[in-house]
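>
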Amino acid sequence: FKKLFGQVTDHLVAEDEVLVVALDDVNYLFYDAEASDTLYSLLRAHEAHTGARIGVIVISSDPDLDVIAELDGRVQSVFRPEDVYFPSYDTEEIVAILRERVKRGFRDGVIGTEELDRVAGLTTETGDLRVGIDLLRRAGLRAEMRGSTEIAGEDVDAAYEKSKYVHLSRSLRGLADSERLLVDVIARSDGEQAGTVYEIFREETGLGYTRYSEIVNKLARLGIIDADYAELEGRGRSRELSLAYDADAVLDRL
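Terminal number for the sequence shown in this note's numbering: 357, no gaps in between.
1) Counting beta carbon pairs with one atom in the segment 193-202 and one in the segment 215-228, are three or more of them shorter than 8 Å?
2) Considering only heavy atoms of the ligand HEM, does any lie closer than 7 Å to the CB of A330?
3) Count the other C-beta atoms from every protein chain shown that fall within 10 angstroms of the C-beta of L357, then say buried if there are 16 or more, exposed otherwise.
4) When DSSP labels each residue in this structure, what does R210 get in the three-state scheme?
5) For G311, which of helix, strand or coil comes out of DSSP?
6) Any idea which residues DSSP pairs A125 with across the strands?
7) Is the beta carbon of V181 closer than 8 Å to that of L126?
8) Using DSSP bridges, identify the partner residues of I254.
9) Kindly indicate which residue of A323, V286, I328 has the alpha-carbon position closest to the one of T308.
10) I'd like to know if the segment 323-332 and the segment 260-276 are in contact, where contact means that at least 3 CB-CB pairs between them fall below 8 Å.
11) Of the residues A255, A117, I162, which one's Cα is nearest the Cα of T216?
12) I'd like to know if the segment 115-126 and the segment 154-161 are in contact, where contact means that at least 3 CB-CB pairs between them fall below 8 Å.
13) For S251, does the count of other Cβ atoms within 10 angstroms reach 16, so buried, or fall short, so exposed?
14) Near L322, which residues of its chain fall below 6 Å by C-beta distance, leaving aside the five closest residues on each side in sequence?
15) Cα separation between D331 and L344?
16) Counting along the chain, where does the alpha helix (DSSP H) carrying R276 start and finish?
17) Give every residue of the same chain whose Cβ lies closer than 8 Å to the Cβ of L132, excluding the five residues on either side of it in the sequence, and list them in chain order.
18) Compare the C-alpha of D167 against each of A148, Y188, E306 and name the closest.
19) Using the three-state DSSP reduction, which class does D351 fall into: helix, strand or coil?
20) In whole angstroms, what is the alpha-carbon distance linking H270 and Y263?
21) Less than 8 Å between the C-beta atoms of Y192 and L232, yes or no?
22) For my contact list, Y143 and V178 are in at a C-beta cut-off of 8 Å; report their separation, rounded to the angstrom.
23) DSSP three-state call for L284: helix, strand or coil?
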């Protein structure tokens with residue numbers, strides 16, 4: 104990385120250019136505890152490579168993440184961004200976006216107004232536009248398999264049973280082996296106290312409690328699990344770990 108980064112900064116200096124780096128879904132770097140190191144390398148590049156100029160744009164899809172507060176002090180001192188807030192799409196905006204996708208992907212008349220409104224409604228419920236885009240694709244494929252040139256309501260409802268797990272599938276694909284194993288343990292021990300889950304996890308991986316706790320926090324922030332504190336009689340507070348999705352859906356995608 105250092106060699107490649109050095110070549111990039113050398114080019115910037117030689118050509119008197121400015122590099123703008125856009126980190127989309129930067130929240131995932133925070134979940135992996137890599138955000139501070141990544142930003143520090145970019146924002147301090149001019150110190151190791153005199154004359155290098157790099158600007159950074161970060162985009163977070165986690166509304167609960169306070170980007171500045173979560174960064175190391177060494178990064179906070181040099182990263183002074185202007186905040187731009189993008190509110191969630193409302194139903195009318197979702198319909199407009201999906202209608203544009205329909206125009207680009209289907210022939211005229213393939214999906215009616217009622218069916219498109221159904222797709223938009225399901226998309227709004229999940230709060231994830233990617234669900235709606237995937238739902239259109241799956242519903243179209245299902246109609247085609249039926250030998251129909253039109254998407255029916257039953258195609259939308261059947262396709263939604265898979266499309267509603269778009270976020271889950273994406274999140275699981277990005278996990279390391281030890282993180283996937285912990286998800287598997289939680290799926291098979293749903294509702295158990297964190298201590299019980301940890302003992303199984305430690306036996307399987309040999310990893311210590313600190314790493315286990317980091318993974319639990321990451322999975323909770325990704326929305327894969329719920330990690331709630333509960334009062335145990337005579338033992339104080341303990342975390343209860345449970346899946347945020349149906350266990351079979353999770354296990355099928357691991």
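Cβ coordinates follow ideal geometry from the N, Cα and C atoms, glycine included.
Walking through what the data contain:
1) Touching, per the Cβ criterion.
2) You won't find the ligand HEM in this model; it holds no ligand whatsoever.
3) exposed
4) coil
5) coil
6) The partner list for A125 (beta bridge, DSSP) reads I160.
7) Remark: C-beta atoms of L126 and V181 do not approach each other more closely than 8 Å.
8) I214
9) V286
10) yes
11) A255
12) yes
13) exposed
14) Closer than 6 Å at Cβ, skipping near neighbours: I328.
15) Distance from the CA of D331 to the CA of L344, rounded to the nearest whole angstrom, comes to 7 Å.
16) 269-276
17) L126, A138, T141
18) Y188
19) helix
20) Per the coordinates, the alpha-carbon of H270 lies some 13 Å from the alpha-carbon of Y263.
21) yes
22) 5 Å
23) helix
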